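The structure appears right after this line, and notes come after that.
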Amino acid sequence: MTSASIQLPRRLAAEFLGSAFLAAIVIGSGIAAQQLSPGNTGLQLLENAAATAVGLFAIILMFGPVSGAHFNPVVSFADAAFGGLSWRDAAAYLPAQVAGCFTGAVAANVMFAQAAVSISTKHRASGPHALSEVIATAGLILVIFALARAGRAASAPAAVGAYIGAAYWFTSSTSFANPAITIGRMFSNTFAGIAPSSAPVFIAAQIGGGIAGVLIVRGLYPALTPAQAGTAIVPHGSDSLDTADGDARRAKR
Numbered sequence: 001m002t003s004a005s006i007q008l009p010r011r012l013a014a015e016f017l018g019s020a021f022l023a024a025i026v027i028g029s030g031i032a033a034q035q036l037s038p039g040n041t042g043l044q045l046l047e048n049a050a051a052t053a054v055g056l057f058a059i060i061l062m063f064g065p066v067s068g069a070h071f072n073p074v075v076s077f078a079d080a081a082f083g084g085l086s087w088r089d090a091a092a093y094l095p096a097q098v099a100g101c102f103t104g105a106v107a108a109n110v111m112f113a114q115a116a117v118s119i120s121t122k123h124r125a126s127g128p129h130a131l132s133e134v135i136a137t138a139g140l141i142l143v144i145f146a147l148a149r150a151g152r153a154a155s156a157p158a159a160v161g162a163y164i165g166a167a168y169w170f171t172s173s174t175s176f177a178n179p180a181i182t183i184g185r186m187f188s189n190t191f192a193g194i195a196p197s198s199a200p201v202f203i204a205a206q207i208g209g210g211i212a213g214v215l216i217v218r219g220l221y222p223a224l225t226p227a228q229a230g231t232a233i234v235p236h237g238s239d240s241l242d243t244a245d246g247d248a249r250r251a252k253r
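Last residue of the sequence shown? That's 253 in the working numbering, and every number before it is there in order.
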């Protein structure tokens, strides 16, 4: 089944909560790394990348059965381009994802006794950073939809977490690959932050990377069907969980 079989408000709630957890993991682990390993940027990045990779794996499992666990407007609109999600729903996912990332940023700041909102002064905009975001985002789209086409969407939580963890290291931008998290990270003047003046460059590069990823997937996997795309990032949208809960309640009677 496609995600349409679960009501949109439930899916938006899952996208909001998942995006909030994602931002809290990225920013919170960055703050912790900065505090635990002062002056050692390489170790800080390792700690941040490891926490993000395993945390992303977990939250995809948590929320994927409801919404597909996109947590990323580029992924949602790529899914719409392949027919797995309606354009209307992709547009609805976007504000939920952005609001979730902002909320997660505030939560991370407060958990570490920082100001609830602090505007980042970490400037990142440069040609190499923009190229990194194009490549990182295109690669993310490839990972997700290649697995969907191969019928191996169940492997996506681990694959996406591993890819993002690796991309922290092979890109100079540390692989944001997500406009929503880019916006969220503007509101934390910490290790994982990004200055508002740098965000438009990152977001434009991520959109470009998403378009490139869609075109590459269409070239490599022309037989990708809307039904297969509808399983991205993980199979979702089935009412089987509700049915199972109902069966369990009836069995207790």
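C-beta atoms are modelled at their ideal positions from N, C-alpha and C, and glycine is treated no differently. Note that the structure is predicted; figures quoted are calculated from it, not measured.
*Does DSSP classify K252 as helix, strand or coil?*
Caution is warranted here: a pLDDT of 48 is assigned to K252, below 50, making its placement in the model unreliable, and the coordinate value is therefore given only provisionally. Note: K252 maps to helix in three-state DSSP.
*Report yes if the CB atom of A113 is closer than 7 Å to the CB atom of V201, and no otherwise.*
no
_Cβ contact check for the region 14-34 and the region 141-148: 3 or more pairs under 8 Å_ = no
*Identify whether T243 lies in helix, strand or coil by the three-state DSSP scheme.*
Reliability fails at T243, whose pLDDT of 43 lies under 50, so the model's placement of it is uncertain and no value is given.
_Looking at A195: is its Cβ nearer than 7 Å to the Cβ of E133?_
no
*Does the beta-carbon of Q35 have 16 or more other beta-carbons within 10 angstroms, so that it is buried, or is it exposed?*
Exposed.
*Between A53 and G161, which are expected to be in contact by the criterion C-beta below 8 Å, what is the C-beta distance as a whole number of angstroms?*
5 Å
_Cβ separation of A91 and V106, assumed to be a contact under 8 Å, to the nearest whole Å_ = Not really, about 24 Å apart at Cβ, beyond 8 Å.
_Are the CB atoms of G213 and L142 within a distance shorter than 7 Å?_
Against a cut-off of 7 Å, the Cβ pair of G213 and L142 comes out as a contact.
*Ordered along the chain, which non-local residues of its own chain (more than five positions away) have a Cβ less than 8 Å from that of F176?*
Cβ contact annotation for F176 (same chain, cutoff 8 Å, sequence separation greater than five): E133, A136, T182, R185, I194, F202 and Q206, in chain order.
*Mark R218 as exposed unless 16 or more other C-beta atoms lie within 10 angstroms of its C-beta, in which case mark it buried.*
exposed
*Verify whether the separation of the beta carbon atoms of P73 and A180 is less than 7 Å.*
yes
*Contact belief for A58 with G165 at Cβ below 8 Å, rounded distance in angstroms*: So it is not a contact: roughly 13 Å between Cβ atoms.
*Verify whether the separation of the beta carbon atoms of A14 and S67 is less than 7 Å.*
yes
*In chain order, what residues of the same chain lie with their CB nearer than 6 Å to the CB of P235, ignoring the 5 residues before and after it?*
A153
_Given a cut-off of 7 Å on the beta-carbon distance, is the pair S198 and R88 in contact?_
A distance of 7 Å or more separates the beta carbons of S198 and R88.
*Which residue from R11, F170 and F191 puts its Cα closest to that of I31?*
F191
_Only counting the same chain, and skipping five residues up and downstream in sequence, which positions put a Cβ closer than 6 Å to that of A108?_
A24, I27 and G28
*Measure the C-alpha to C-alpha separation of L12 and P226 and round it to an integer number of angstroms.*
21 Å
*Where does F71 land, buried or exposed, given buried means 16+ other C-beta within 10 angstroms?*
buried
*asked:* Taking its Cβ as the centre, do 16 or more other Cβ atoms sit within 10 Å of A248, making it buried, or is it exposed?
replied: Interpretation of A248 is limited by its pLDDT of 45, a score under 50 that renders its predicted location unreliable; the figure taken from the coordinates is listed afterwards. The residue in question, A248, is exposed, as its Cβ has fewer than 16 Cβ neighbours within 10 Å.
*CB-CB under 8 Å to F102, same chain, minus the five flanking residues each way: which ones, in chain order?*
A23, I183, G184 and F187
*Among Y221, A223, A156 and N178, which residue has its Cα nearest to the Cα of T231?*
A156
*Below 8 Å on the Cβ atoms is my guess for G139 versus A167; work out the distance and round it to an integer in Å.*
7 Å
*Take Q7 as the anchor and find which of L215, Y93 and V110 has the nearest alpha-carbon.*
Y93
*Every unbroken alpha helix (DSSP H) inside the region 103-185 [4 residues or more]*: 127-149, 156-170 and 179-185
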